[in-house]
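Colleague: In our numbering, the protein residues as written are 152 to 805.
We put the beta carbon where it would ideally sit given N, CA and C, even for glycine.
As the structure is a prediction and not an experimental result, all values here were calculated from the model.
(1) DSSP on residue 370, reduced to helix/strand/coil?
(2) Can you tell me whether DSSP reads residue 715 as helix, strand or coil?
(3) With C-beta atoms as the reference, is residue 326 less than 7 Å away from residue 338?
(4) Between residue 531 and residue 483, is the Cβ-Cβ spacing less than 7 Å?
(5) Does the distance from the C-beta atom of residue 651 to that of residue 623 stay below 7 Å?
(6) Along the chain, where does the beta strand (DSSP E) that runs through residue 397 open and close?
(7) Does the Cβ of residue 571 have 16 or more other Cβ atoms within 10 Å, making it buried, or fewer, making it exposed?
(8) What residue range does the alpha helix (DSSP H) around residue 197 cover?
(9) By how many angstroms is the C-alpha of residue 774 removed from the C-alpha of residue 788?
(10) Does DSSP classify residue 757 as helix, strand or coil?
(11) On a CA-only basis, which of 769, 768, 783 and 760 is nearest residue 794? Give me that one, please.
(12) In this structure, how does DSSP classify residue 266 when only helix, strand and coil are distinguished?
(13) Measure the alpha-carbon distance for residue 613 versus residue 752 and round it to whole angstroms.
(14) Between the C-alpha atoms of residue 352 and residue 523, what's the straight-line distance to the nearest angstrom?
(15) Roughly how many whole angstroms lie between the Cα atoms of residue 514 and residue 357?
(16) Roughly how many angstroms separate the alpha carbons of residue 269 and residue 408, rounded to a whole number?
(17) So what's residue 155 in DSSP terms, helix, strand or just coil?
(18) How long is the line joining the alpha carbons of residue 164 and residue 220, rounded to whole angstroms?
(19) Between the Cα of residue 224 and the Cα atoms of 283, 472 and 247, which residue gives the shortest distance?
(20) Going straight from the alpha carbon of residue 278 to that of residue 486, what length do you get?
(21) What first and last residue would you give for the beta strand (DSSP E) that runs through residue 550?
(22) In the structure shown, what three-state DSSP assignment does residue 283 receive?
(23) Going straight from the alpha carbon of residue 155 to that of residue 289, what length do you get?
(24) Tell me the DSSP secondary structure of residue 532 in three-state form.
(25) Among the candidates 250, 574 and 410, whose CA atom is the shortest distance from the CA of residue 209?
(26) Exposed or buried, what is residue 494 when buried is set at 16 or more other beta-carbons lying within 10 Å of its beta-carbon?
(27) Give me the Cα-Cα distance between residue 664 and residue 449, rounded to the nearest whole angstrom.
(28) In chain order, what residues of the same chain lie with their CB nearer than 6 Å to the CB of residue 659, ignoring the 5 residues before and after it?
(29) Closest by CA to residue 360, which one among 558, 283, 480 and 596?
(30) DSSP state of residue 429, grouped into three classes?
(31) Rounded to whole angstroms, what's the CA-CA distance from residue 501 to residue 452? Just pull it up for me.
(32) Closest to residue 344 by CA distance: which of 390, 222, 594 and 499 is it?
(33) Going along the chain, which residues of its own chain have a beta-carbon closer than 8 Å to the beta-carbon of residue 378, five neighbours each way excluded?
(34) So, with DSSP's three-state summary, where would you put residue 301?
(35) In its own chain, which residues sit with a C-beta less than 6 Å from the C-beta of residue 243, not counting the 5 before and 5 after it?
(36) Please check the pair residue 203 and residue 229, which I expect to be a contact at CB under 8 Å, by giving their CB distance rounded to whole angstroms.
Here it is in structure tokens:
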């Protein structure tokens, strides 16, 4: 059942049923000519032209006279709905791949209760898509995943009954057996409920490249999500008249072959649109030390001089940082938050996000980062945020470490400023060892796969063993990064190399200054003395560590050396990260609940041996018994163990 107002439903019904001549007349009267892709429509046959104008009028009415389909969108729905063909749509992030799915539903006679299914890879993406289908197009879209109720009443009301869904947004695993060996409610209906099967007109596979990247065994490793690789089995089970449509921004040749063999008929139609993001500046950057040296990431923050700098939150660019390791993502988030003045550390300016967190926390963080006035300005995320989810105003995307495919890089880069032509930055941070790997080492495996590693992988393989040929080439490349991406994707569109800002750091040559694109200071070298940068620099006026150099007798120091403080501080941070990670209610636990920036500084400054009991910690920090009972003993163990390994030395007598 449609969610649209009754008057809109009536207008849509009139468009669906009126004559071809009336469609031509209504299109000329009502559609804004500047929005209609006339150059494309004029190349079509009369029947095709009428269909496209009918679809355009449907869209125009459903969106309250806001939206008219573009060429790619019309081409897709023409092939799928009018010509009844399978379709592969390869179009860049933010190009509008949702609309063809919506049009396929809106063109159907609602009285016939037809149904479309969209397979979507991630729950967060499901939620975003369902909201858009309902709000923008008035389509009754229902999300199905492992949290969906299994009661007969829920399924009869929302799926099977007369007021049920027009569109199901489904995780692929729901179409197959559970780990316990049972079919889900949907999986059972797809196989045994003939009435339900007859309702299905179209199956959309969003982010269809997942079939090749996570659905198949690769490089000696088993499939990460094997259900994606079983979609060909599902296609064979379902009625042959169901159209399959795959959507993705990244389908290089070696992945396309897998996708075509799994879900697309031999006579399928391919619709392509360049994936080039012409407003994005591409760059790579060699980090100082290792990927675990957190100082490298301070460049993503525009630090205020004090907490009274009200404009800071508004002026801090939205930054999305991708990290493949959940632990490192959390450590970076904690570190960046600790760099802020104390009064700003509780504002949620820096947050982290990964798929194992509670749904409540994920929803809260996503809204805080995407809302126009949202408090979150820097989000440290794992791969789940790199696919499909819309971020309207991310100015900088940072990728920490070289991912396993260029597809991953391009999906992440595609999160930058999707809704405007303002300048955006994508920067890949890599470790120095990447420059030392030779392309000659990648002479085994499928030589047509640019993402192959040097040798078969094991579950325990190190990051140096997992790095793909394409990642090494990208880092070592001396020529245009945009051209490399175009070649990788087989993107031969006339605008594949267009740009409206600086193209990339390679093309700009010596004139390119990455620093000018970043809100904070790039790290030029790791600290060997002084603070690591983890302590808030705006309030770190440390006392002298020893007596002055006037020749007077040396006094026993009261404070650790700065190097010792830095080392102990990182161990305390690791403890905080571990506690948050292990807490089952981590969506309510923030780093400052355990150890604030100022309290951490108070613990690392006193000389070794000064803090030996729980009471010492409680007095030093001025905390209450409730806090002490939960955290003091754990902190004390870290400090005592550190003091055993690094006892402070007494000054030499002169």
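Modeller: On the basis of the data shown:
(1) coil
(2) helix
(3) yes
(4) yes
(5) no
(6) 394-399
(7) exposed
(8) 197-213
(9) 18 Å
(10) Residue state, collapsed to three classes: strand.
(11) 760 is the residue among 769, 768, 783 and 760 whose C-alpha sits nearest the C-alpha of residue 794.
(12) strand
(13) 35 Å
(14) 37 Å
(15) If I take the Cα positions, the gap works out to 21 Å.
(16) 21 Å
(17) coil
(18) 19 Å
(19) Nearest C-alpha to residue 224: 247.
(20) 30 Å
(21) 547-551
(22) DSSP places residue 283 in the helix class (H, G or I) of the three-state scheme.
(23) Between the C-alpha atoms of residue 155 and residue 289 there is a straight-line separation of about 5 Å.
(24) strand
(25) 250
(26) exposed
(27) 17 Å
(28) Cβ within range, chain order: 653.
(29) 558
(30) coil
(31) Cα-Cα distance, rounded: 9 Å.
(32) The shortest C-alpha to C-alpha distance from residue 344 to any of 390, 222, 594 and 499 is the one to 390.
(33) 323, 324, 326, 327 and 366
(34) coil
(35) 400 and 426
(36) 6 Å
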